[in-house]
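Trainee:
In the numbering used here, the protein residues as written are 3 to 147.
Okay, structure coming up:
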């Protein structure tokens, strides 16, 4: 038949890799993401850079770096073990996202690859309209099958 595989987890969550699933590699905004990693800005290292508390131990980057949700002009530039580096492009974003006002701010990251990112966590926190409504255990966490 036409379809030869099913990727139910990836389709439910979507990720940056799927966002770029166009022939030309462009971002496709017709798909909505439902999986995010919440990160906090811990420090500002320069006028155009900030450090967040989500790095390789919080996100899988095997299919590329995460994108920031609803934060135009902020780019997740590099992942270290425990931290990530955010680049701020001043001309592209609003004053609320200037590096000076980012300290302590919570940002939502869209993982580059959802499957191995979920595998890093014991549970998913379900958020609806900004409110936590449930937690779901990741029963297969760490499994290789």
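For glycine and all other residues, C-beta sits at the position ideal for the given N, C-alpha and C.
#1: Is the beta carbon of residue 35 sitting closer than 8 Å to the one on residue 104?
#2: Can you pull the DSSP bridge partners for residue 45?
#3: One question on the structure: do residue 40 and residue 116 come within less than 8 Å of each other, judged by their Cβ atoms?
#4: Whole angstroms is fine: what's the gap from residue 142's alpha carbon to residue 88's?
#5: Let's see if you can read the secondary structure: which residues bound the alpha helix (DSSP H) around residue 152?
#6: Here's a check: name, in chain order, each residue in its chain whose Cβ is nearer than 6 Å to the Cβ of residue 16, leaving out the five neighbours to either side.
#7: Answer with buried or exposed for residue 123, where buried requires no fewer than 16 other C-beta atoms within 10 angstroms of its C-beta.
#8: Verify whether the separation of the beta carbon atoms of residue 70 and residue 111 is less than 8 Å.
#9: List the residues that DSSP assigns as beta-bridge partners of residue 6.
#10: Assign residue 106 to one of two classes, buried (16 or more other C-beta atoms within 10 Å of its C-beta) or exposed (fewer than that).
#11: Would residue 68 and residue 120 qualify as a contact pair, given that the criterion is a beta-carbon distance under 8 Å?
#12: Measure the beta-carbon distance from residue 114 to residue 49 and round it to whole angstroms, keeping in mind my assumption that it falls under 8 Å.
Mentor: From the atom records:
#1: No, the pair does not count as a contact, with Cβ atoms beyond the cut-off.
#2: Looking at the DSSP output, residue 45 bridges to 53.
#3: At the C-beta level, residue 40 and residue 116 stay beyond 8 Å of one another.
#4: Going by the C-alpha atoms only, they are around 31 Å apart.
#5: Examination of residue 152 is not possible in this model, given that the chain is present from 3 through 147 alone.
#6: If we look at residue 16 and ignore the five residues flanking it on each side, its Cβ neighbours are 33, 35.
#7: It is exposed - the Cβ of residue 123 has fewer than 16 other Cβ atoms within 10 Å.
#8: Taking 8 Å as the cut-off, the beta carbon of residue 70 is found closer than this to the beta carbon of residue 111.
#9: Bridge partners of residue 6: none, in fact.
#10: Residue 106 should be labelled exposed.
#11: In this structure, residue 68 sits away from residue 120, with a CB-CB distance that is not shorter than 8 Å.
#12: In this structure, residue 114 and residue 49 do not form a Cβ contact; the two beta carbons are roughly 27 Å apart against a cut-off of 8 Å.
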